[in-house]
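Report on the structure given below.
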Amino acid sequence: MALQIQNKTFDEERALYHLQDAEVLNCDFSGPADGESALKESRNVTVKNCRFSLRYPFWHTQVFRLEGSTMETSTRAPIWYASDGKIIDTLINGVKCLRECRKIELEGCTVSSPEFGWRCRDLSITDCAIESEYFLFESSDIEADRLKMKGKYSFQYVKSLHINHSELDTKDAFWHSENVIVENSTVKGEYLGWYSDGLTLINCKIIGTQPLCYCKNLKLINCTMEDTDLSFEYSEVEADVKGAILSVKNPKSGKIAADQIGEVILEDSILESTCLIETRS
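What follows is the structure in structure tokens.
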């Protein structure tokens with residue numbers, strides 16, 4: 017890095033606009049001038065141990081590293097249209113973080129940001145705790161490992177998502193999603209996976225009412241289901257479930273196998289069910 021900026025406070029508009037080949041260390045982006053877009057259009061920058069409380073600091077930033085920093089609640093929409101970034105050990109509280117970004121890696125971060133990660137592609141999320149509504153809406157090509165996620169309406173319209181070793185506490189997750197694989201994880205919520213195409217759950221614990229309805233190409237491999245009543249309505253499904261399912265209602269086609277099914281409901285259907293339903297005990 018040719019330039020190093022340390023221990024300063026910036027509050028003016030576009031304070032470090034189009035900064036290039038630089039390190040920004042131990043700086044504070046706050047103050048009475050209330051300026052926006054501090055690092056807009058910056059290139060090849062490392063920002064470390066900094067605090068942000070002003071809006072839109074990283075719009076259109078390319079090739080950046082943000083580490084050990086804090087974005088306070090007032091840091092609205094902090095990272096939009098950015099690319100090739102690594103965000104490490106950072107606390108993010110600004111609403112609408114990550115919008116239309118690409119090639120972003122998050123590692124060891126704690127995030128509380130409604131509408132996080134909309135319309136992004138090529139995301140990597142590792143060992144993060146994230147609370148958000150409409151998490152990753154319309155995003156694609158995502159890898160998530162050791163993610164602790166809490167919120168509502170997550171993963172809607174996502175494409176090409178792989179989640180492993182994670183805990184998802186959500187509602188209406190994976191609606192209209194395509195080509196999603198979830199492995200070795202707990203997925204808790206209501207109305208999980210409706211209208212999805214190509215959702216595969218492997219070695220997962222699935223919790224909550226009315227899951228996995230109106231699905232195409234749905235697969236459950238070596239999963240368990242808890243409090244899952246009215247499951248699989250009008251779905252094309254291949255399911256191998258360990259333990260019990262509370263109830264299954266009008267699945268469209270495929271095969272559902274479980275150790276026990278509390279109730280099979282085949283009534284008032286708008287289509288013929290050709291699904292094979294099998295209990296092992």
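If you're matching positions, the sequence shown starts at 17 in this note's numbering and goes up one per residue. Ideal Cβ positions, reconstructed from N, Cα and C, are used throughout, including at glycine.
Runs of the beta strand (DSSP E) lying entirely within the region 162–197 and spanning at least 3 residues, in chain order: 164–168, 175–180 and 183–185. Beta-bridge partners of ILE223 (DSSP): LYS204 and GLU242. Pairing SER58 with TYR72, the inter-Cα distance amounts to about 13 Å. When the beta-carbon positions are compared, LEU228 and SER251 come within less than 7 Å of each other. Inter-residue distance for PRO48 and SER69 is about 11 Å (C-alpha atoms, whole angstroms).
Collapsing the DSSP output to three states places GLY84 in coil. A direct Cα-to-Cα measurement between TYR150 and CYS43 gives close to 32 Å. Between SER156 and SER182, the C-beta spacing is not below 7 Å.
Nearest C-alpha to LEU236 among ALA274, GLY205, ASP105 and GLU206: ALA274. Annotation for LYS64: the continuous beta strand (DSSP E) segment containing it runs 59–64. Bridge pairing for LYS265: ILE281 [DSSP]. With respect to CYS113, SER129 sits close: the two C-beta atoms are nearer than 7 Å. Under the three-state reduction of DSSP output, PHE248 falls in the coil class, being neither helix nor strand. In summary, ARG296 is exposed, with fewer than 16 beta-carbon neighbours lying within 10 Å of its beta-carbon over all protein chains present. Each residue's CA atom was taken as its position, placing TYR211 and ILE108 some 31 Å apart. Counting other Cβ atoms within 10 Å of its Cβ, GLN276 stays below 16 and is therefore classed as exposed. For SER269 and THR89, the gap between their C-alpha atoms comes out near 48 Å.
Remark: C-beta atoms of LYS187 and LYS166 do not approach each other more closely than 7 Å.
Distance from VAL111 to GLU83 at the Cβ level is roughly 22 Å; contact not present, criterion being Cβ atoms closer than 8 Å. With a 10 Å radius around the Cβ and a threshold of 16 neighbouring Cβ atoms, ILE141 comes out buried. In the displayed model, ARG296 falls within coil according to three-state DSSP, outside both helix and strand.
Per DSSP, the unbroken beta strand (DSSP E) holding ARG137 starts and ends at 137–142. With respect to the 7 Å criterion, VAL198 and ILE223 are not classified as neighbours on the basis of their beta carbons.
Judged by beta-carbon spacing, THR244 lies beyond the 7 Å limit of ILE218, meaning their Cβ atoms are not closer than that value. The straight-line gap separating the alpha-carbon atoms of HIS192 and ILE21 is approximately 46 Å.
Per DSSP, reduced to three states, the secondary structure at VAL111 is coil, with no helix or strand assignment. Residue range 36–41 is occupied by the beta strand (DSSP E) that includes GLU39.
In this chain, ASP105 is not harboured by any beta strand (DSSP E), its DSSP state being neither H nor E. Distance from the CA of ASP37 to the CA of VAL61, rounded to the nearest whole angstrom, comes to 6 Å.
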